[in-house]
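A quick write-up on the structure given underneath.
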Amino acid sequence: MAGFDLKEGIYETRNASDDELWSAFACVFSSKSRNDTSYKFGFLKSIIDNLYNVDADLKLSFDQLFSKFGEIYWNLILKHGLRQKAVTNDNRETYLEQVLHSAVKKYKILEPLPYESLTAEMMLDISHQVKVKCKKYVVGALFEDTNRLFYSFSKKEEWIQINPVMYEFVCKHKIVIEKLNYYEWARFLERVNEETVAVKVLDKIDESSKRNNLAMYRQILYEEFGIKNCFYCGKTLSPDKIDVDHFIPWSFIKDDNLWNLVLACPTCNRKKNDKLPAVDYLSTLIRRNQHILIEEHRSEMKNYQGRMVSYIYNWAKINGYDKIWQPKSRKTLV
Ligand SMILES: [Zn+2]
0 MAGFDLKEGI YETRNASDDE LWSAFACVFS SKSRNDTSYK FGFLKSIIDN
50 LYNVDADLKL SFDQLFSKFG EIYWNLILKH GLRQKAVTND NRETYLEQVL
100 HSAVKKYKIL EPLPYESLTA EMMLDISHQV KVKCKKYVVG ALFEDTNRLF
150 YSFSKKEEWI QINPVMYEFV CKHKIVIEKL NYYEWARFLE RVNEETVAVK
200 VLDKIDESSK RNNLAMYRQI LYEEFGIKNC FYCGKTLSPD KIDVDHFIPW
250 SFIKDDNLWN LVLACPTCNR KKNDKLPAVD YLSTLIRRNQ HILIEEHRSE
300 MKNYQGRMVS YIYNWAKING YDKIWQPKSR KTLV
């Protein structure tokens with residue numbers, strides 16, 4: 000992989016046209032780009048899944064990126080048994096497989112537990128090990144493969160900084176780029192895995208960073224912030240029937256962020272499903288987020304800014320989320 004040994008890199012600042020930006024990705028997915036392992040696809044997914052966690056300078060830390068990377072691979076390798084490299088004569092594991100298997104031994108994990116069931120301490124330890132082993136191989140390689148247009152990076156300071164032109168481009172074409180990445184990744188996995196293992200590979204990749212247990216957020220919003228009404232219809236929530244809903248659908252965001260989570264009654268949650276809510280809910284969400292931010296400085300709320308949430312809402316629309324939902328009746332909350 001070209002570029003993997005670079006210590007740092009700076010993105011090209013010229014005004015790249017849309018054609019050039021597309022060809023940066025076409026290059027990653029073309030046969031020109033050699034892939035012994037699936038790391039590049041996984042790293043690209045880690046960036047895309049973290050797209051809305053960037054700071055004001057469009058930077059993402061290696062900790063953010065590799066904790067996502069570790070989570071994705073934990074589920075693919077341990078939960079689904081998908082190898083990430085062709086089997087060699089000596090049957091050697093990749094560094095990543097070694098890290099994950101030794102974590103299983105260290106913590107005496109008996110079953111292939113989903114990542115979300117691990118304790119916070121275990122997750123921290125695993126993502127640290129993944130970072131130490133994997134940053135070496137992927138950060139410079141993807142930088143080079145995207146024609147130095149995607150991001151700058153520093154391995155010493157452990158960050159990438161996304162090129163603003165590219166940031167807007169990826170936000171606008173997120174779903175298409177994501178699908179291309181999944182397609183090539185799935186083809187790779189089908190090539191290096193037995194047919195019996197390589198089933199529903201696309202679903203497994205897509206859901207590799209999905210957490211099903213949102214109970215923690217339910218508790219924060221209901222108990223800590225005393226939110227007792229359905230965000231959409233306004234009805235009082237009964238304590239045993241509270242759903243946590245992704246305001247902008249999970250399938251678009253691919254992450255659980257407090258700023259995007261609301262409490263809903265099961266009816267609204269079911270009916271809203273994978274749709275965007277009506278635009279006037281946006282200001283309600285922004286107000287609520289300001290309230291939460293004032294009450295407590297939560298790190299995951301740093302992205303709450305009204306403008307950013309509105310941008311993401313509009314990017315979701317551009318990406319095909321054009322069915323807008325609202326409940327038949329709404330109780331206005333004061
Ligand atoms: Zn409701």
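Under numbering that gives the first Met the number 0, the first residue of the sequence shown carries the number 0, and numbering increases by one thereafter. Ideal placement from N, C-alpha and C gives every residue a C-beta, glycine not left out.
How many Å lie between residue i and residue j at the Cα?
i       : j       : result
Gln-63  : Asn-49  : 8 Å
Asp-279 : Ile-285 : 11 Å
Pro-265 : Phe-230 : 11 Å
Pro-111 : Glu-19  : 42 Å
Phe-61  : Asn-256 : 18 Å
Ile-291 : Asp-242 : 19 Å
Thr-12  : Ser-208 : 32 Å
Ser-328 : Ser-29  : 51 Å
Lys-31  : Phe-187 : 14 Å
Leu-262 : Glu-193 : 42 Å
Tyr-72  : Gly-41  : 8 Å
Val-333 : Asn-272 : The predicted model places Val-333 with a pLDDT of 44, which falls under 50 and marks its position as unreliable, so this point remains unresolved.
Glu-183 : Cys-26  : 12 Å
Glu-120 : Asn-14  : 44 Å
Leu-141 : Leu-275 : 32 Å
Gly-233 : Cys-267 : 10 Å
Lys-134 : Tyr-38  : 10 Å
Lys-322 : Asn-313 : 12 Å
Along the chain, where does the beta strand (DSSP E) that runs through residue i open and close?
i       : result
Asp-89  : Careful: Asp-89 lies outside any beta strand (DSSP E) and carries neither H nor E.
Gln-160 : 158-161
Lys-58  : 58-60
Ser-309 : Here Ser-309 belongs to no beta strand (DSSP E); instead the alpha helix (DSSP H) covers 305-317.
For residue i, write down the residues that DSSP places opposite it in a beta bridge.
i       : result
Val-243 : Leu-262
Thr-36  : Lys-84
Ser-151 : Gln-160
Asn-228 : Thr-235
Leu-220 : Looking at the DSSP assignment, Leu-220 forms no beta bridge with any residue, so it has no partner.
Quick one: give me the first and last residue of the alpha helix (DSSP H) that residue i is part of.
i       : result
Leu-188 : 173-191
Phe-3   : Careful: Phe-3 lies outside any alpha helix (DSSP H) and carries neither H nor E.
Glu-19  : 17-28
Val-131 : 119-144
Trp-73  : Counting along the chain, Trp-73 falls outside any alpha helix (DSSP H), and DSSP gives it neither H nor E.
Val-200 : 200-205
Ser-208 : Segment: none, Ser-208 is in no alpha helix (DSSP H) and carries neither H nor E.
Shorter than 7 Å from the beta carbon of residue i to some beta carbon of chain D?
i       : result
Leu-220 : The chain labelled as chain D is not found in the depicted structure, where only one protein chain is given.
Does ligand 3 have a heavy atom nearer than 6 Å to the CB of residue i?
i       : result
Thr-266 : You won't find ligand 3 in this model; what it holds is ligand 1.
Are the segment 169-176 and the segment 103-110 in contact at 8 Å, needing three or more beta carbon pairs? no
Three or more beta-carbon pairs under 8 Å between the segment 186-205 and the segment 223-241, yes or no? no
Which residues end up in the neighbourhood of ligand 1 when you take C-beta atoms closer than 7 Å to any of its heavy atoms? Cys-229, Tyr-231, Cys-232, Lys-234, Ala-263, Cys-264, Thr-266, Cys-267, Pro-326
Would you check if there are 3 or more beta carbon pairs closer than 8 Å linking the segment 171-183 to the segment 132-147? The segment 171-183 vs the segment 132-147: no contact.
Taking 8 Å as the threshold, find out whether the segment 151-168 comes into contact with the segment 1-9 through three or more Cβ pairs. yes
State whether the segment 65-74 contacts the segment 213-229, with contact taken as three or more CB pairs (one from each stretch) at a distance under 8 Å. Pairwise C-beta distances place the segment 65-74 out of contact with the segment 213-229, as fewer than three of them are shorter than 8 Å.
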